[in-house]
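**Q** The structure under discussion is supplied below as structure tokens; questions concerning it will follow.
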Amino acid sequence: MLRALTITASALLVVGLLTAIPAGNAQAQESAAAQAAPKKKERKASGTLSEGTYRQLERIHDLIGKNKNAEALEKSQALLERVGNDYERAVVRQTMAFIYVSQNNYKAAIAAFEEALKLDALPQQPYEQMLYNVAQLYFQDGQTDRAIQSMERYFAEATTEPPADAHILLASAYADRKRFADALPQVDKALAKVKEPKESWLQLKLALHYELKQFPQCAEVLLRLVSLVPAKEDYWKQLSSILFEIQKDRESLAVLALADRQGFLDTEGELRNLANIYLLLNIPYKAAQILERGLEQKILKADEKTLQLLGDAWTMAREYDKAEAALKRAAAISDSGEIYYRLGQIYIEDERWKDALEVLPKAQAKGIKKMGDAAYLEGVAAFQAGNRKRAVEALRKAQGYDESRNNATQWLNHIAQIEEAEAQAAIAAAEAKADKAEGGSAKN
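FYI, in mature numbering (1 follows the signal peptide of the UniProt record, and there is no 0) the residues of the sequence shown are -28 to -1, 1 to 416.
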């Protein structure tokens, strides 16, 4: 992005060469432009071309137009040896520079421009344009420091308002040297000079703010980019990320939801991220819907992680049947028994004893961190389901773990008390029955 500027010979010819070899009328136009320009340090240099030199340059330009650059360069070199003053030498050097540019020989072009500048013979406007051109070439050739020097000299000596592109060139060079704080004002000046910002300029501004860790300003630039190029999905995603970074969670979600409606979110990570933000903001139903859609469209894999997240979302949304279905699918494919254990806890809370007895042994078989707690819950469920023998077996197993020993012991004691009470009640009932039978025999 920072090296997006390119230079073509034709562009340089249009803005530079055609104004640098004036005949009489062109000279008058230069003089008028100089008078109209805001005064800074107006150059006194002036000059005219002899009739012969002017005609030779016309022939050279004709060769350039026909793409006969080698011949044009040869004639330019010959003309350079014959011209009679520094102004003519500067113009010929400039012509040679443009030929070198057309041949992509930037180093030779730079040398020709610099030689022309050293002569100090050009009027103000061609001189300014040459400073600008050589700065572009330095940057294109990777000589960033020299490009910066030339642009700073150009801005210091220009008597006419520099174009917006000149600010962008200097900003790009500063950025290339990691002088981000110096680059940013140049971009802002460029943007202030145009009605419609260029996308690449806003991209540069965004990059500079980001490097300076000015994230609120990044969000502002991304808003402009979204408005300027609404079909570019990356800007929507970047805007959502930046808003989330500066803790504007709801704004981040709103942007990401808009991007989703436009079909911009089509990867597993993007849909999962959207679902997580919905969950973070306590909008679980929407999170579950996003996950369900991703599974249906095969964007999301029906793996343990996704199904467990879906179960969490439906649970938070109080859609318990849907949560249970998702968690059962997750538990079945998990290498761990943790999800089965979680289901067992849910069933215990809902007093669904038989369902708890189905999943808790599976949790223990696959292995979980709290094996003792799972055995303890199995014992409770078995007791409540009327299977006292299984309850005692499970609770005795739970006694073997530190985390569940006390609870299991209390339940076993409770069961023992019940059984003792039942035994005593049975004895009492048998005795009462026997007494009743003896009483009847006595009467007979």
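Glycine residues also receive a C-beta, built at the ideal position from the N, C-alpha and C atoms.
Pick helix, strand or coil for N378, following the three-state DSSP scheme.
**A** Helix at N378.
**Q** Comparing alpha-carbon positions, which option in A354, E310, G344, A388 lies nearest L329?
**A** A354
**Q** State buried or exposed for D206, treating a residue as buried only when at least 16 other CB atoms are found within 10 Å of its CB.
**A** D206 comes out exposed.
**Q** Less than 7 angstroms separating the Cβ of R377 from some heavy atom of the ligand GDP?
**A** The ligand GDP is absent from the structure shown, which contains no ligand whatsoever.
**Q** Any beta carbon of chain C sitting closer than 8 angstroms to that of K270?
**A** Within the model displayed, chain C is absent; a lone protein chain is all it includes.
**Q** Short check: CB of I36 to CB of K47, under 8 angstroms?
**A** no
**Q** Contact between the region 365 to 372 and the region 395 to 406 is defined here as three or more beta-carbon pairs at a separation below 8 angstroms; is this criterion met?
**A** The region 365 to 372 is not in contact with the region 395 to 406.
**Q** Please identify the residue among S74, I262, T381, L109 whose C-alpha is closest to the C-alpha of F85.
**A** L109
**Q** Assuming D113 and K79 are in contact, meaning their beta carbons sit under 8 angstroms apart, how far apart are those beta carbons, in whole angstroms?
**A** 6 angstroms
**Q** Sorted by chain position, which residues of the same chain lie with C-beta nearer than 8 angstroms to E124's C-beta, five sequence neighbours on each side aside?
**A** L142
**Q** Sort Y99, L51, N105 by Cα distance to A69 and report the nearest one.
**A** Nearest C-alpha to A69: N105.
**Q** Please report the distance separating the alpha-carbon of L94 from that of G19.
**A** Cα-Cα distance, rounded: 7 angstroms.
**Q** Assuming L178 and C190 form a contact by the criterion Cβ under 8 angstroms, report the distance between their Cβ atoms to the nearest whole angstrom.
**A** 6 angstroms
**Q** When DSSP labels each residue in this structure, what does L228 get in the three-state scheme?
**A** helix
**Q** Could you work out which residue in A119, V166, K165, S306 is closest to A147 when comparing CA atoms only?
**A** A119
**Q** CB V193 to CB H181, shorter than 8 angstroms?
**A** It is a contact, given that the beta carbons lie within the stated cut-off.
**Q** Starting from K277 and walking both ways along the alpha helix (DSSP H), at which residues does that stretch end?
**A** 276 to 288
**Q** Who are the Cβ neighbours of Q7 in its own chain at under 6 angstroms, not counting the five residues just before and after it?
**A** Residue confidence for Q7 is low, a pLDDT of 38 falling below 50, so the modelled location carries little weight; the figure read from the coordinates is stated next. For Q7, where only same-chain residues beyond five positions count, there are no Cβ hits under 6 angstroms.
**Q** Buried or exposed for A(-6), going by 16 or more other Cβ atoms inside 10 Å?
**A** Confidence is the limiting factor: at A(-6) the pLDDT is only 33, short of 50, which leaves the residue's position unreliable, though a coordinate-based value still follows. That one is exposed.
**Q** Leaving out the 5 sequence neighbours to the left and right, which residues in its chain are closer than 6 angstroms to F152 when beta-carbon positions are compared?
**A** L180, E183, L184
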